[in-house]
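Residue numbers (full-length UniProt numbering), protein chains in the order written: chain A, 1 to 367; chain B, 1 to 367. Cβ coordinates follow ideal geometry from the N, Cα and C atoms, glycine included. Notes follow once the structure below has been shown.
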């Protein structure tokens, strides 16, 4: 027990640093030199840690340089999946979150749930192969998906995919990847992704708005996803006054179903086509109702807007900002997502990494 | 430094227990017997701790019973103030939150800010005298007030008392009570009060709705007040669609300005007076719009409704519940405040006690 505790302490210190000497490890862990040496031997044998080759280009030192050790981020990997209505996305990272591979595949809204899951499995394997990883190396799988996800990871409700309700993604994906699976709502994980690697890195209370063929919201409070009792926090779109359920259809009145048509709209807006401008402003008119309600409810530090329509950038955000300022008590900063269509999958990776950290470092509480 | 640290550790353990023996203190603090004895001597000299008289009625023991020690909750007191539009309220408690005295006084909406503050000062002193306490014994003052309160405790905006904006209650009340002052928005502190001693004791994510001559909201997330970046979380009433700014006036159309008239309305509702029933249902119709928005935004565990109109109890809550169920995704429990008009002042006391605990126990971080 104590031995595992010491090994976990050494591993955590190494995980948070680049590389450390034995002396530095003794200082950081506050245990004896012999204990650290012992832990390092065990961790090296288990391939979690390795000695770093002395830097040949480094400054010359008198005598032999002290040995350095590092956490082997390549000792495993995590898989982040974004299982959406039109697209499934996979991101593979090492254990420190360095992206190793990315894949995506188109799916249709009408695809039955079992086939959507199968598509995610296939894509996950393909993403792993693409970066020379095997399923055996996967330490955790994180999944972001459309709909309400409860605390156990089950989808309980989905407005966009009615047959998605009842889906247990933990059960469906734990077996093929032989790893723990953690699941969250896509917009909530997008908020987490943007905080981890994107537009919201400096904020702890974050409202994320997905503005695409659907509109939805997710939030972080004190840098953690606030999911709510049923996982339904952010579902302001359920209120007809938010206009979130009707806004995308009005936009699609111009663009049709395809991605290309949305680009055509943005192009027309850039050329100051009056009808296109009116449509985008109308979308901002609709969008702002629910955004204002969420901002008034939470008073966040930052609003990040992602999703397909957010690719219009300031063409959408400027009308949104000016309308929002008129509805809320204090102006709030509104920025575009910097992760784009990877925000959900990267949030899912972050969730998976939290699970890995738990496995590696929470020895004490797991007994 | 180490001596103060040990004293703080001993004091904290005693604070959280009824009374403890020397042996129990050694076990709980994990320091030596001599160190605990030393700390107890110092704390007793400073009147924070005293030896408890052996319980004469207790079970007979062989030999002399072990000495017991307790934290002297009466070693100081805290003052909680609720500075509102129509009423100022004061609650005095000992250092463990036991209520020693309560006072209130009527004020008018037109009273200038300086006089409102003076009324709070006078009432605070009166409440202290009423329970034989002096201002010198006050360890902290907590204040809940109407309007937006920023992180520094300043009122930045007030819809109901326009001249209240800019008020610095910390500065105004620290001097007369010679104690640190902490300030928060009234509905946010009501949520805290209900969690501490009222209807929300079992919930950590709580939405509190004040339904009175004004309507407002406050919330706890993970048992802590979520104030937001500007202290403006919960201000959904700013959205015209919430109908919160117009609903009370419609109610007052029946009741007039006086408290008695509200009671007359409730009495008429109890007698199934059709016009009175319609007015209360209309109020529920209005109220539910903003409540639904807040519930959809946060997905709380519990909604607590307080304020003057909440005194109608289920006559208001039943129509509110049925309408709310139709607007949200998952039914949420809606209960009446159990603290009534003391919820804000008790939340302010809780805030003040947090400040006292910081003073007493956070020796380490204060150096």
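Three-state secondary structure (DSSP) of residue i
{"i": "residue 229 (chain B)", "result": "coil"}
{"i": "residue 104 (chain B)", "result": "strand"}
{"i": "residue 157 (chain B)", "result": "strand"}
{"i": "residue 131 (chain A)", "result": "coil"}
{"i": "residue 278 (chain A)", "result": "helix"}
{"i": "residue 358 (chain B)", "result": "helix"}
{"i": "residue 368 (chain A)", "result": "Any property of residue 368 (chain A) remains undetermined from this structure, which presents chain A solely from 1 to 367."}
{"i": "residue 369 (chain B)", "result": "As displayed, chain B neither begins before 1 nor continues past 367, which places residue 369 (chain B) out of reach and without an answer."}
{"i": "residue 139 (chain A)", "result": "strand"}
{"i": "residue 118 (chain A)", "result": "helix"}
{"i": "residue 75 (chain B)", "result": "helix"}
{"i": "residue 336 (chain B)", "result": "strand"}
Check: residue i C-beta below 6 angstroms from any heavy atom of the ligand FMN
{"i": "residue 104 (chain A)", "result": "Within the structure as shown, the ligand FMN is missing, as the structure has no ligands at all."}
Spatial neighbours of residue i in its chain, beta-carbon cut-off 6 angstroms, leaving aside the 5 residues before and after
{"i": "residue 231 (chain A)", "result": "148, 149, 150"}
{"i": "residue 243 (chain B)", "result": "286, 289"}
{"i": "residue 167 (chain A)", "result": "113, 155"}
{"i": "residue 76 (chain B)", "result": "95, 137, 139"}
{"i": "residue 189 (chain B)", "result": "144, 344, 347, 348"}
Min CB distance residue i to chain D below 7 angstroms
{"i": "residue 267 (chain B)", "result": "In the structure shown, chain D does not exist; the protein chains are A and B."}
Identity of the residues DSSP links to residue i by a beta bridge
{"i": "residue 97 (chain A)", "result": "BP columns for residue 97 (chain A) are empty, so no partner."}
{"i": "residue 217 (chain A)", "result": "A:209"}
{"i": "residue 70 (chain A)", "result": "A:50"}
{"i": "residue 82 (chain A)", "result": "A:89, A:144"}
{"i": "residue 268 (chain A)", "result": "Its beta-bridge partners do not exist; DSSP assigns none."}
{"i": "residue 170 (chain A)", "result": "Answer is none; residue 170 (chain A) lacks a bridge partner."}
{"i": "residue 149 (chain A)", "result": "A:155"}
Beta-carbon proximity list for residue i, same chain, < 7 angstroms, skipping 5 on both sides
{"i": "residue 282 (chain B)", "result": "250"}
{"i": "residue 175 (chain A)", "result": "none"}
{"i": "residue 310 (chain B)", "result": "211, 316, 336, 337"}
{"i": "residue 241 (chain B)", "result": "289"}
{"i": "residue 29 (chain B)", "result": "9, 10, 13, 36"}
Proximal residues to residue i (C-beta, below 8 angstroms), its chain only, five neighbours per side dropped
{"i": "residue 50 (chain B)", "result": "44, 69, 70, 72"}
{"i": "residue 298 (chain A)", "result": "205, 207, 219, 221"}
{"i": "residue 22 (chain A)", "result": "33, 36, 37, 40, 66, 67, 69"}
{"i": "residue 313 (chain B)", "result": "336"}
{"i": "residue 3 (chain B)", "result": "38, 39, 42"}
{"i": "residue 87 (chain A)", "result": "104, 105, 106, 107, 341"}
Query raised in the report: Got a sec: which bits of the region 308-329 of chain B sit with their beta carbon under 9 angstroms from any beta carbon on chain A, in order along the chain?
Result: 327, 328, 329
Report task. Give the residues from the region 160-184 of chain B that approach chain A closer than 8 angstroms (Cβ to any Cβ), ordered along the chain. Result -> none
Query raised in the report: Which full runs of the alpha helix (DSSP H) of 4+ residues lie inside the UniProt domain "HTH iclR-type" (6-51) of chain A, going along the chain?
Result: 22-29, 33-45
**Report entry** Members of the region 225-239 of chain B near chain A, C-beta cut-off 9 angstroms
**Finding:** 226, 227, 228, 229, 230, 231, 232, 233, 234, 235, 236, 237, 238, 239
**Report entry** Proximal residues, the region 274-301 of chain A versus chain B, C-beta separation under 8 angstroms
**Finding:** 289, 292, 293, 294, 296, 297, 298, 299, 300, 301
Report task. Please specify which runs of the beta strand (DSSP E), each continuous and at least 3 residues long, are wholly inside the region 172-211 of chain B, giving them in chain order. Result -> 181-185, 206-211
Report task. Would you list, in chain order, the members of the region 213-225 of chain A that have their beta-carbon closer than 7 angstroms to a beta-carbon of chain B? Result -> 221
Query - Under 9 angstroms (Cβ pairs) to chain A, residues found in the UniProt domain "HTH iclR-type" (6-51) of chain B - result: none
Query raised in the report: Residue ranges of each beta strand (DSSP E) run of no fewer than 3 residues wholly in the region 289-333 of chain A, ordered along the chain?
Result: 302-306
**Report entry** Residues from the region 195-211 of chain B in contact with chain A, defined by Cβ distance under 8 angstroms
**Finding:** 205
Query raised in the report: What residues in the region 142-160 of chain B have a beta carbon less than 8 angstroms from any beta carbon of chain A?
Result: 148, 157
Query - Within 7 angstroms of chain A by C-beta, residues of the region 98-116 of chain B in sequence order - result: none
Query raised in the report: Taking a cut of 7 angstroms between CB atoms, which residues from the region 239-251 of chain A lie near chain B?
Result: 239, 241
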